[in-house]
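Peer 1: Residue numbers (my numbering): 7 to 82.
Beta carbons are placed, not taken as given, at the ideal position from N, Cα and C, and that holds for glycine.
Since this is a predicted model, take the numbers as computed values, not measurements.
Mind having a look at this structure? Questions to follow.
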């Protein structure tokens, strides 16, 4: 959930979540194939965040500023 750290540096970002990725020329997870399909226009991006992502978060007080709330998602 580190995509928040790039928010000030880019005009757009695409996030995908998968334990597996691309390794030695082999796609190891379905989300990576779907990401390639989105980036090449075969699929329309869709989805909702399963958790809040934070600008900052204090582990001692369990408080912080939410960057993108759970359920946030965009499409075109």
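Decide if residue 78 is buried, meaning its Cβ has at least 16 other Cβ atoms within 10 Å, or exposed.
Peer 2: Exposed.
Peer 1: Rounded to the nearest angstrom, what separates residue 44 and residue 53 at their Cα positions?
Peer 2: Going from the Cα of residue 44 to the Cα of residue 53 covers about 12 angstroms.
Peer 1: Give the DSSP-derived three-state secondary structure of residue 73 in the structure shown.
Peer 2: Residue state, collapsed to three classes: strand.
Peer 1: List the DSSP bridge partners of residue 32.
Peer 2: BP columns for residue 32 point to 29.
Peer 1: What are the boundary residues of the beta strand (DSSP E) that includes residue 59?
Peer 2: 59-64 is the extent of the beta strand (DSSP E) around residue 59.
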